[in-house]
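First up is the structure itself, then whatever we jot down about it.
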Amino acid sequence: MDYKNYIAEKLSIEGVEKDALKSFIEIPPNNDMGDFALPCFKLSKILRSSPVKIAQDLAASFVTDEHIGECTAVNGYLNFKINRQNFAFSLLDTVLDKGENFGASDMGNGKTICIDYSSINIAKPFHIGHLSTTVIGSALCKIFKFLGYKVVGINHLGDYGTQFGKLIVAFKRWSSVKAVEEGRLKELTRIYVKYHDEAKLDPSMDDEARHYFKLIEDGDKESNELFEMFKKITLEEVDKIYKLLNVEFDSYAGESFYNDKMAPVVNELKDKGLIKISDGASIVDLEEYGMPPCLILKSDGSSLYATRDMAAAVYRKNTYNFDKCLYVVAYQQNLHFKQFFKVLELMGKDWAKDLVHVAYGMVSLESGSMSTRSGNVVLLEDVINKTIEKAYKVIEDKNPTLENKEQIAKAVGTGAVIFGALCNNKIKDIVFSYDRVLSFEGETCPYVQYTVARCNSVIAKCGELGDYSGVEMNADEYQVISTLGKFEETIKAAAEKYEPSLVTRYAIDLATAFNKFYMGCKIVCDDEKVKNFRLAITKAVQITLTNALTLLGIETVEQM
Ligand code: ARG
């Protein structure tokens, strides 16, 4: 039931479009005031009257019915109370009936959305800095799919650049296939750091590195084999993390994939007269738009990060014909995205307006000693494993006889990492704290998972769900149900604002409402109907919290 729509239709005010009226209707923060409210100052211009008078007139002529039980004017607001009984019963029916599809919709209507996320760099450690893009992007993929979009998840690998020449030099001097296969990314990092130390003393190494990079580009067999090995090792290592975090991609087309796809873009830029030569380099002047020039080709003719991104955007448009293409990348790269979006627009690509930089803040660790320095980076894998270990210890402490402790610790530990990275507005910088994300109190994943486990144990105790018709609701019960009623719009808002934190926030609110209800209302009680009603609420919460966590890539556990 779309109450806003229903109210707007029922009010039908002359001179005001129904959709506009609908958009004015708000949900008051506190449902004591009512369930919906129309701030009448929004109408005073059109109706040439004071908000107070408008509210009074509208209230006087409003006829209540089986859906809207009350309509009152308060200080220029028109407050509506829905028929809560009706609403509650039909919502519970919907949730129980839809189950894992509760909250899903077909609003995407088959539209395609490309999401560029995680986009790690080959041969570099997968460190905590890549956590946000990975979990935000993955959650957005799942949310958009849930809303009926066709989603293409893309890992735009950083697999191009002179650093790979450097790595070959370092490999030849200080490593071996055996050492790399054993030491994996840690070995690659070790030799890369060593390269930088040594190259300071011996600048000729950089010439050698350039030479090897050129060999990769020219298709030299040995250099490419080494490069492929670095790539393979990196992908194998990150895949373990992706599996833990329930992250999946449809494409791993990275920067080097566009080697042969840039020339047409550069030619088009030239043909359209957009290229200027500055100190031998090809640039697009963006002064008019208040930005520094976008570099397209260096003076030696080699391409840049932006050139590759432009070729990638064109390729994605041609291949997937996206309706939107999102880039989940830290705000440090704001300028880069603004620049190449602008250049595509200047080229006359009308779809440039569909490119969106979904920017997010930095993640750092609490303890200074673990800060990211060359050679002393904080690997994401270590963070996840340490969180799982800590979760295991907490379980040992609180509930030592629990079965499947390892599996539960894994779900709780990884969930804590994901939820911890998603619980704030994405643009905020966050400091990651093991203790905080693993706390069972407050706004954390274990708190939500524990609530689901609590629901499960109630459900197991109660048995079959029977009739609850005619039951009167109390305030705690209604609070849970009204929160359940906000799930669908929360998912939509999370998609519209590219903000998965709305879903984490929601999960906390629902868990909090449920726990207040659980403490205040005896579920297994003598009145059979009341018991059934409370069981239905519990089942609906179990379903909705599970759906919310699943959209974030977080697993629930039967017991905790
Ligand atoms: N690999 C880059 C980095 O780690 C991010 C790439 C983001 N995606 C893109 N299409 N530019 O900074």
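If you count the sequence shown from 1, you need to add 104 to reach this note's numbering. Built from N, CA and C at the ideal position, the CB exists for glycine as well. Note that this is a predicted model, so its numbers are computed, not measured.
Outcome for residue i when other beta-carbon atoms lying within 10 angstroms are tallied against a minimum of 16
i: R420; result: buried
i: P368; result: exposed
i: L655; result: buried
i: K325; result: exposed
i: C629; result: exposed
i: D501; result: exposed
i: N259; result: buried
i: I381; result: exposed
i: V342; result: buried
i: I488; result: buried
i: V462; result: buried
i: E285; result: exposed
i: T476; result: Residue placement at T476 is poorly supported in this model, since its pLDDT is 38, which falls under 50; the coordinates are not used for a value here.
i: G567; result: exposed
i: S116; result: exposed
i: S473; result: In this prediction, S473 scores a pLDDT of 42, lower than 50, which makes its location untrustworthy; the coordinate-derived value is nonetheless stated afterwards. Counting Cβ neighbours within 10 Å, S473 comes out exposed, since fewer than 16 surround it.
i: G214; result: exposed
i: N205; result: exposed
i: Y316; result: buried
i: D139; result: buried
i: Q443; result: buried
i: P504; result: exposed
i: L526; result: buried
i: Y181; result: buried
i: R277; result: exposed
i: N88; result: Residue 88 is absent from the structure shown; the chain starts at 105 and stops at 664.
Opposing strand residues paired with residue i [DSSP bridges]
i: G257; result: I219
i: T176; result: N183
i: F140; result: F184
i: G262; result: N225
i: A385; result: S382
i: C398; result: V388
i: C429; result: C218 and L459
i: Y424; result: DSSP lists no partner for Y424.
i: A434; result: Y464
i: E130; result: A141
i: L469; result: F536
i: H231; result: L483
i: S116; result: According to DSSP, S116 bridges with nothing at all.
i: S407; result: L401
Inter-residue CB distance, residue i and residue j (contact presumed, cutoff 8 angstroms)
i: S360; j: D220; result: Incorrect: roughly 16 angstroms between the Cβ atoms, too far for contact.
i: M366; j: T423; result: Going by Cβ atoms, the distance from M366 to T423 rounds to 16 angstroms, so no, they are not a contact pair.
i: F637; j: V552; result: Going by Cβ atoms, the distance from F637 to V552 rounds to 23 angstroms, so no, they are not a contact pair.
i: V239; j: I522; result: 5 angstroms
i: L588; j: A652; result: That belief does not hold up - the Cβ atoms of L588 and A652 are roughly 11 angstroms apart, past 8 angstroms.
i: Y110; j: H171; result: 6 angstroms
i: Y356; j: L261; result: 6 angstroms
i: K446; j: Y496; result: About 50 angstroms separates the two Cβ atoms, so there is no contact after all.
i: H676; j: L483; result: Coverage of the chain is limited to positions 105 through 664, which leaves residue 676 absent and any answer about it impossible.
Reference residue i, options the options, closest by Cα
i: Y409; options: T266, E372 and F230; result: T266
i: C398; options: D404, L373 and V418; result: L373
i: F358; options: E341, P307, A417 and E392; result: Note on identity: in this sequence residue 358 is Gly, with Phe being the wrong assignment. Minimum Cα distance to G358 is reached at A417.
i: T237; options: E302, K282, Y346 and Y253; result: Y346
i: I563; options: H231, Q646, S327 and A598; result: Q646
i: C429; options: S407, K457, K532 and Q443; result: K457
i: D580; options: M105, D136 and S127; result: D136
i: A124; options: L147, A141 and L450; result: L147
i: L614; options: L484, P604 and T650; result: T650
i: I641; options: I585, A611 and V462; result: I585
i: Y554; options: V661, K532, I492 and Y538; result: V661
i: M414; options: E174, H440 and K335; result: H440
i: I658; options: G394, D427 and L348; result: L348
i: F184; options: S222, P132, S209 and I224; result: P132
i: D375; options: V388, F445, D364 and M623; result: V388
i: R609; options: S537, F536, E291 and G524; result: G524
i: T95; options: S223, K202, G203 and K249; result: What is shown of the chain runs 105 to 664, which leaves residue 95 out entirely.
i: V351; options: T518, K494, S386 and G624; result: T518
i: S468; options: E449, E332 and A434; result: A434
i: Q160; options: C175, Y602 and D106; result: C175
i: E118; options: E130, R152 and A141; result: R152
i: L459; options: D197, M466, K635 and N438; result: N438
i: A597; options: M211, E332 and K402; result: M211
Any beta strand (DSSP E) of 3 or more consecutive residues that is wholly inside the stretch 474 to 562: 534 to 536
Going residue by residue through the stretch 334 to 378, where are the continuous alpha helix (DSSP H) segments of at least 4 residues, counting only ones entirely within it? 367 to 375
Contiguous alpha helix (DSSP H) assignments of at least 4 residues, all confined to the stretch 572 to 625: 579 to 588, 591 to 600 and 605 to 624
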